[in-house]
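First residue of the sequence shown: 226, per my numbering; consecutive thereafter.
First comes the structure, then the notes that go with it.
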Amino acid sequence: MPYGPNPNAIHPNPEFPSICFIKNTITRPNIEVGDYTYYDDDEGSENFEHHVTHHYEFLGDRLLIGKFCAIAKGIQFVMNGANHRMNSVTTYPFNIMGQGWEKTTPALTELPLKGDTVVGNDVWIGQNVTVMPGVHIGDGAIIAACSVVAKDVPAYHIAGGNPCRILKQRFDNGLIEYLLDLKWWDWPAEKIFTYLDALCSQDLTIIRNIR
């Protein structure tokens with residue numbers, strides 16, 4: 226008996242070809258995506274990697290996305306390769322033009338590198354969102370459409386705007402701590418299937434009785 230869609234399928238439901246399980250399309254070693262996380266785009270959902278820009282292996286930064294995330298059309302992850310040297314007179318990247326200008330190639334220590342970009346589990350990212358380098362978005366967070374996320378977003382908070390700011394907390398602190406400990410996204414498929422009603426219920430008392 227199946228307990229949900231095949232996590233290794235590119236398109237889990239033929240009736241919705243715009244939805245693609247991202248993990249199964251990744252080719253770059255510096256991008257990691259968890260099971261069931263999808264990108265929704267009717268103009269090529271298989272091309273998620275095109276929405277990760279300025280991502281160069283020699284810089285060492287990674288894009289890490291957890292399980293069960295919902296990512297809408299128009300996402301842009303801007304990685305650390307977009308950063309220019311800022312402590313010199315000019316920010317112009319002479320070195321990448323070559324023809325002798327490569328002598329100005331900066332050391333990595335001269336660049337404002339901000340580390341890995343991390344998206345937790347069960348995160349919903351609305352349409353046309355831009356995520357800047359080094360940002361961490363916590364489990365269960367929601368990012369409103371057309372936001373520019375330049376700072377970290379805590380778990381189970383809603384954030385939006387340009388620049389993105391925290392709008393509200395989704396649940397009380399006790400339930401957030403409980404859910405972060407529960408880690409339902411790590412359950413086996415059969416257990417998730419068994420408790421789907423509880424996971425999707427607006428009665429938040431139900432989930433508190435599950436372990």
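Cβ coordinates follow ideal geometry from the N, Cα and C atoms, glycine included.
Everything numeric in this text was worked out from a predicted model, so none of it was measured.
Could you check the C-alpha separation between R253 and E274 for me, to the nearest Å? When rounded, the distance between both Cα atoms is 8 Å.
Which ranges does the beta strand (DSSP E) cover as unbroken runs of at least 3 residues, wholly within the segment 336 to 407, from first to last along the chain? Those beta strand (DSSP E) runs which fall completely within the segment 336 to 407 and span 3+ residues are 342 to 344, 382 to 385, 390 to 394.
Buried or exposed, going by whether 16 or more other CB atoms sit within 10 Å of the CB of H309? With fewer than 16 other Cβ atoms within 10 Å, it is exposed.
When DSSP labels each residue in this structure, what does T262 get in the three-state scheme? DSSP places T262 in the coil class of the three-state scheme, outside both helix and strand.
Please state whether DSSP places E257 in a helix, a strand or coil. Looking at E257 - three-state DSSP - the assignment turns out to be strand.
Own chain residues within Cβ distance below 6 Å of I296, not counting five before or after: The answer, listed in chain order, is Y264, I350.
For L284: DSSP bridge partner residues: In the DSSP output, where bridge partners are listed per residue, L284 has none listed.
What does DSSP give as the partner residue(s) for F246 in the beta ladder? Per DSSP, Y263.
Within 10 Å of its beta-carbon, does M304 have 16 or more other beta-carbons around it, so buried, or fewer, so exposed? So M304 ends up on the buried side.
Should L289 and D347 be called a contact, given that it needs their Cβ atoms to be closer than 8 Å? When the beta-carbon positions are compared, L289 and D347 stay at least 8 Å from each other.
To the nearest angstrom, how far is the alpha carbon of K416 from that of L424? Approximately 11 Å, taken between the alpha carbons.
With distances taken between CB atoms, is the gap from G399 to V344 smaller than 8 Å? Taking a C-beta distance under 8 Å as the contact criterion, G399 and V344 do not qualify as a contact pair.
What would DSSP say about I290, mapped onto helix, strand or coil? Assignment of I290 by DSSP, reduced to helix, strand and coil, places it in the strand class.
Over the uninterrupted alpha helix (DSSP H) stretch that includes F418, give me the two end residues. Per DSSP, F418 belongs to the alpha helix (DSSP H) from 414 to 419.
Do I362 and Y381 have their CB atoms nearer than 8 Å? No, these two residues do not count as a Cβ contact at 8 Å.
For F246 and I235, the rounded distance between their alpha carbons: Distance between the alpha carbons of I235 and F246 is about 5 Å.
Determine the closest residue to I391 out of W409, E335, L404, A366, with distance taken between C-alpha atoms. Closest by alpha carbon: A366.
For L295, write down the residues that DSSP places opposite it in a beta bridge. Looking at the sequence itself, residue 295 is Ala, so the reference to Leu does not match. Answer is Y263, W349, bridged to A295.
Taking DSSP as the reference, what is the three-state secondary structure of T278? In the three-state DSSP reduction, T278 falls in the strand class (E or B).
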